[in-house]
Amino acid sequence: MLLAEVTGSTAAIGYGLAAIGPGIGVGLVFASYIQSTARQPESSRLTLPYVWIGFAVVEALALLGVAFGFVWAGN
């Protein structure tokens, strides 16, 4: 039986997998904003700050994925 050997850093693979979640999250945040603005256009200015807060929170998860990738790669 032949097994493949993984060489190099697997942190890049881990971050690639961890980036899928925030990518989907950002898409959902902006899709919800577009849908709510289409339903009620006069509320677009009211809901825009919440869009940016949601975007920042989701992107923070991606940055945590990068940070943990570097931390765990040091072992």
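Residue numbers for the sequence shown follow UniProt numbering, so the first one is 1 and each next one is one higher. Where is the CB? At the ideal position from N, CA and C, for every residue including glycine. Keep in mind it's a predicted model, so treat the numbers as computed, not measured.
With a threshold of 16 other CB atoms inside 10 Å of the CB of V57, please say whether the residue is buried or exposed.
Within the sequence shown, the letter at position 57 stands for residue 57. By the 10 Å Cβ count, V57 comes out exposed.
Assess, as a yes-or-no matter, whether the region 13 to 24 is touched by the region 38 to 45 under the definition of 3 or more beta carbon pairs within less than 8 Å.
Under the three-pair Cβ rule at 8 Å, the region 38 to 45 does not count as touching the region 13 to 24.
In this structure, does DSSP put A4 in helix, strand or coil?
Within the sequence shown, residue 4 is the residue found at index 4, counting from 1. Coil, per DSSP.
Considering Cα atoms alone, identify which of L28, Y50, A4 and I20 is closest to V66.
Counting from 1 along the sequence shown, the entry for residue 66 is found at position 66. Residue I20 is the option with its Cα nearest to V66.
Classification of P22 by the beta-carbon crowding that lies within 10 angstroms, buried from 16 upward:
If you number the sequence shown from 1, residue 22 lands on position 22. Classification of P22: buried, given that the 10 Å Cβ count is 16 or more.
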